[in-house]
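Have a look at the structure below before the remarks.
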Amino acid sequence: MLSQLDSLKTEALAALDTLSDEAALEAFRIDYLGKKGKLTALSAGMRDVPPDLKKEVGAKLNEVREAISGGLSTRQEALQAAKDAASVVGIDLSLPGRPGAGVGTLHPLTQIRDLAVRTLRRMGFTLADGPEIETEWHCFDALNTPADHPARNESDTFYLPDGRLLRTHTSSVQIRTMETVKALPVRVIAPGAAYRRDEIDATHLSVFNQIEALYVDKDVSLADLKGTLEFFFREVFGPKTVVRFRPHFFPFTEPSFEIDVKLEAKGKEARWIEIAGCGMVDPAVFAEVSKKRGDNLFDPEQVTGFAFGMGLDRLAMILHGISDIRHLIENDVRFLQQF
Ligand code: DAH
0 MLSQLDSLKT
10 EALAALDTLS
20 DEAALEAFRI
30 DYLGKKGKLT
40 ALSAGMRDVP
50 PDLKKEVGAK
60 LNEVREAISG
70 GLSTRQEALQ
80 AAKDAASVVG
90 IDLSLPGRPG
100 AGVGTLHPLT
110 QIRDLAVRTL
120 RRMGFTLADG
130 PEIETEWHCF
140 DALNTPADHP
150 ARNESDTFYL
160 PDGRLLRTHT
170 SSVQIRTMET
180 VKALPVRVIA
190 PGAAYRRDEI
200 DATHLSVFNQ
210 IEALYVDKDV
220 SLADLKGTLE
230 FFFREVFGPK
240 TVVRFRPHFF
250 PFTEPSFEID
260 VKLEAKGKEA
270 RWIEIAGCGM
280 VDPAVFAEVS
290 KKRGDNLFDP
300 EQVTGFAFGM
310 GLDRLAMILH
320 GISDIRHLIE
330 NDVRFLQQF
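Heads up: the sequence shown begins at 0 in numbering that gives the first Met the number 0, then just goes up one per residue.
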C-alpha cells in the first residue's frame, strides 16, 4: 500500500503539470480527491492494514493527500495569475486618467465673487461682514437716507414685526465697519446678499448679491476712487475695458456717480452698461457714525473716503452674456455645466 500511495502521488503531480484550464483542474480534483476518486479508493484499504503498520500508512496517506491538494492549489493560482496578466496585456498603466468625469465646477456667481474679492484684496482691501437682518438705522438713517425716501417704503423693503428689516443693500456694512474699527485707514470689501420686494423677472430677484467697498483715511480722493474702479473693471472684463463715471445721486455719497462699462459684442455696436454706484462718502455719514461712536476718529473735517457697490449677479450676467437672472438660482445642470 505504501508503494501504491507513492506512485499515485508521482502520477498525480505529473498529471497536474499538463492541465491548462479550470475545467481540467476540476476534473482532476474529482478524479483524485473526490468521493469516488483514486485516493479515496486507496484509503479504503486502511481497513486491511495490520495494526502495527497503521500509523505509518496513515501518515503516508496524509502526506500524499496534502501533496496532491497543495499541488492543485498551486496550479490553480498559476493559471489565475496567467489569466490576470493576459487580461491587461496592451493596457498602458502610465497613461494619465480621463479628466472631467463627474467633476463639478464652482457656480458662476461664486466664481465672479471670488474674482472680485481676489482683485480688491490685491489692492489692500480686507473682508468685512454684517448681518442680513439689519436695523433701520444701519441700513438707512446712518447712510443719510431720510425717512421719506422711497427705498424705505413697506412696498420696497421686507420689514420684520420688530421693526428690523432685511438689508436692501450691502452699504449697511460700511456703517457696521466704521462703528467698530479702532484706527484708520479703513479699507474693506463686503460681498453678500441683499433683499428687495421686487417683482421677480428676467433682471430682478428678491434676493440678490452685491459687493460693497469702503476706503476711509485722511486724504482719500476721487482720483483714488476712479483708479481703483478702472483697475477693477479691467481685471474683470479685460485690459481694454472702457469705464465711464456718470454723475448721479445717492444719499450717502457726495458727489455720487453711476459707473458704466462699454461693452463691444462682436458684430454689434458698442453699448454702455450701467454696472455700479459709487461716490465720496457724504460728511453727514461720518457725522452720524461719530455721534454713535462718541469719538472723533471719523471727524468729517478730518477724514475723506470713497465707497462703491455693485450687483454680483449683474456682473456675472454681463460677463457671460446670461439673459435671465433666474438661471442663476435654478440650478439646472445644463446651464451650470457651461461655466
Ligand atoms: N447701495 C447702492 C445700491 O444698492 C449701491 C451703491 C451706490 C453703493 C453708491 C455705494 C455707493 O457704496 O457709494 O443701489
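Backbone N, C-alpha and C fix where the C-beta goes; we use that ideal spot for every residue, glycine too.
All figures in this text were calculated on a predicted structure; none of them were measured in a lab.
Rounded distance between the beta-carbons of residue j and residue i, thought under 8 Å
{"i": "residue 167", "j": "residue 156", "result": "5 Å"}
{"i": "residue 126", "j": "residue 174", "result": "Not really, about 16 Å apart at Cβ, beyond 8 Å."}
{"i": "residue 250", "j": "residue 142", "result": "6 Å"}
{"i": "residue 59", "j": "residue 4", "result": "5 Å"}
{"i": "residue 169", "j": "residue 308", "result": "6 Å"}
{"i": "residue 131", "j": "residue 163", "result": "Not quite, the Cβ-Cβ distance comes to about 10 Å (not below 8 Å), so this is no contact."}
{"i": "residue 74", "j": "residue 38", "result": "Residue 74 to residue 38, Cβ: 16 Å. No contact."}
Burial state of residue i, where buried means 16 or more other Cβ atoms lie within 10 Å
{"i": "residue 26", "result": "exposed"}
{"i": "residue 139", "result": "buried"}
{"i": "residue 107", "result": "buried"}
{"i": "residue 219", "result": "buried"}
{"i": "residue 90", "result": "exposed"}
{"i": "residue 191", "result": "buried"}
{"i": "residue 13", "result": "exposed"}
{"i": "residue 103", "result": "exposed"}
{"i": "residue 8", "result": "buried"}
Residue i CB to nearest heavy atom of the ligand DAH below 7 Å
{"i": "residue 153", "result": "no"}
{"i": "residue 144", "result": "no"}
{"i": "residue 251", "result": "yes"}
{"i": "residue 278", "result": "yes"}
{"i": "residue 96", "result": "no"}
{"i": "residue 308", "result": "yes"}
{"i": "residue 220", "result": "no"}
{"i": "residue 168", "result": "yes"}
{"i": "residue 211", "result": "yes"}
{"i": "residue 255", "result": "yes"}
Cβ pair residue i, residue j closer than 8 Å
{"i": "residue 242", "j": "residue 228", "result": "yes"}
{"i": "residue 70", "j": "residue 15", "result": "yes"}
{"i": "residue 217", "j": "residue 165", "result": "no"}
**OP:** Would you check if the segment 144-158 and the segment 264-271 touch, i.e. whether three or more CB-CB distances between them fall below 8 Å?
**Re:** Segments in contact, no.
Original post:
How do the segment 97-116 and the segment 208-215 stand: do at least 3 beta-carbon pairs fall below 8 Å, yes or no?
Top reply: Remark: three or more beta-carbon pairs, one from each stretch, lie closer than 8 Å, so the segment 97-116 and the segment 208-215 are flagged as touching.
Original post:
Three or more beta-carbon pairs under 8 Å between the segment 279-286 and the segment 299-313, yes or no?
Top reply: As far as the Cβ criterion goes, the segment 279-286 touches the segment 299-313, which means the pair count is three or higher.
Original post:
Given 8 Å as the limit, is there contact between the segment 78-90 and the segment 311-327, that is, 3 or more CB pairs closer than that?
Top reply: Because the criterion of three Cβ pairs below 8 Å is not met, the segment 78-90 and the segment 311-327 do not touch.
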